[in-house]
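Below you'll find the structure, written out as structure tokens, and then a few comments.
What follows is the structure in structure tokens.
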């Protein structure tokens, strides 16, 4: 399909079923595909397994799905800024696969590139490799599900023998991402730090749904500026440049005579 534009976020996510796996872009609250997340919330999809760097905050980003108990499992590298996340995990309502941040990025990239697995030094000598990290707690606080041990092998690198742990790639049923610019063929340009995990999440989804602030005609984007080619994108929705964007905490330098640097 050459023209990948869809009329609305609701239409674009309508076929995401209960129990689907999702790769979702964003870092903190930067680059969150909030229109797609809100559309998914509105249609009532539940039992989701989500791969994303974090889970938003209590009332924004993926946190709104978590608050509605629509997520059964998170694969993340950072789980702060969200009290509900903490509560659900510690009480055994949420499964968590905690993954080092760089490893998570590479697992998504590998999945999108057709690479089944890779070896990395990150996590060698820790529970990441040896297993035993809590993934789900029982109601009594004991560990109901723990992470398994992973294959560790030694390789010679630059004349030195080192150990590496095997990490499997990640692919998901769908991916949800946010970009600043896109064309109807699905080519995307991201804005500065909002790029973060978005291209990697897009690559990992078998069906990638992108929300863009501005949609242009094919040929209007400079090919040298395209961060993600349209081959990875299957549906694109224009949400407008005035879409709400939040940050976790805002701090500024105090003005003259001010006693605090926080607003």
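In my numbering, the protein residues as written are 16 to 278. Don't be surprised by glycine CBs; every beta carbon is placed ideally from N, CA and C.
Item to complete: Can you tell me the Cβ-Cβ gap for residue 38 and residue 220, rounded? I've got them flagged as a contact below 8 Å.
Response: Against the chain shown, residue 38 aligns to sequence position 23. Against the chain shown, residue 220 aligns to sequence position 205. Yes, residue 38 and residue 220 are in contact; Cβ-Cβ is about 5 Å, under 8 Å.
Discussion item. Which of the three DSSP states is assigned to residue 247 in this structure?
Written reply: For this step, residue 247 is matched to residue 232 along the chain shown. Looking at residue 247 - three-state DSSP - the assignment turns out to be helix.
Discussion item. When you compare the segment 182 to 202 with the segment 27 to 38, are there three or more beta-carbon pairs, one atom per stretch, that lie closer than 8 Å?
Written reply: yes
Discussion item. Do residue 136 and residue 176 have their beta-carbon atoms positioned less than 8 Å apart in this structure?
Written reply: Translated into positions along the chain shown, residue 176 becomes position 161. Translated into positions along the chain shown, residue 136 becomes position 121. Contact: no.
Practice prompt. Can you tell me which of the three DSSP states residue 254 falls into?
Written response: Locating residue 254 in the chain shown gives position 239, counting from the first residue. DSSP places residue 254 in coil when its eight states are reduced to three.
Worksheet item: According to DSSP, what are the bridge partners of residue 231?
Response: The count along the chain shown starts at 1 and reaches residue 231 at position 216. Looking at the DSSP assignment, residue 231 forms a beta bridge with 198.
Worksheet entry | Minimum C-alpha distance to residue 80 - residue among 260, 154, 106, 47 | The residue labelled residue 80 in the question sits at position 65 within the chain shown. That would be 47, whose Cα lies nearest to the Cα of residue 80.
Fill in: Nearest candidate by alpha-carbon position, reference residue 151, set 65, 134, 103, 170
As a working mapping, residue 151 is identified with position 136 in the chain shown. Cα-wise, what sits closest to residue 151 is 103.
Item to complete: Quickly, what does DSSP pair residue 37 with across the bridge? List them, please.
Response: Locating residue 37 in the chain shown gives position 22, where the first residue counts as 1. In the DSSP output, where bridge partners are listed per residue, residue 37 has 65, 189.
Discussion item. Suppose you measure from the CA of residue 70 to the CA of residue 166; what does that come to, to the nearest Å?
Written reply: Residue mapping note: residue 70 aligns to position 55 of the chain shown, counting from 1. Residue mapping note: residue 166 aligns to position 151 of the chain shown, counting from 1. Approximately 29 Å between the Cα atoms of the pair.
Item to complete: Following the continuous alpha helix (DSSP H) through residue 266, name the residue where it begins and the one where it ends.
Response: Residue numbering aside, residue 266 sits at position 251 when the chain shown is read from its first letter. That residue, residue 266, is in no alpha helix (DSSP H); it is neither H nor E in DSSP.
Worksheet item: Within 10 angstroms of its Cβ, does residue 173 collect 16 or more other Cβ (buried), or is it exposed?
Response: Your numbering for residue 173 matches position 158 in the chain shown. With fewer than 16 other Cβ atoms within 10 Å, it is exposed.
Item to complete: State yes or no: is the C-beta of residue 182 within less than 8 Å of the C-beta of residue 132?
Response: Within the chain shown, residue 182 is the residue found at index 167, counting from 1. Within the chain shown, residue 132 is the residue found at index 117, counting from 1. For residue 182 and residue 132, yes; Cβs fall inside 8 Å.
Worksheet entry | Three-state secondary structure assigned by DSSP to residue 49 | Residue 49 sits at position 34 when you count from the first residue of the chain shown. It is helical.
Fill in: Option in 263, 267, 269 with minimal Cα separation from residue 75
Along the chain shown, one-based indexing puts residue 75 at 60. The option with the nearest alpha carbon to residue 75 is 263.
Worksheet item: Should residue 82 and residue 110 be called a contact, given that it needs their Cβ atoms to be closer than 8 Å?
Response: Counting from one through the chain shown, the residue named residue 82 turns up at place 67. Counting from one through the chain shown, the residue named residue 110 turns up at place 95. For residue 82 and residue 110, no; Cβs fall outside 8 Å.
Item to complete: Rounded to whole angstroms, what's the CA-CA distance from residue 211 to residue 153? Just pull it up for me.
Response: As a working note, residue 211 is residue 196 in the chain shown. As a working note, residue 153 is residue 138 in the chain shown. If you take the alpha carbons of residue 211 and residue 153, they lie about 34 Å apart.
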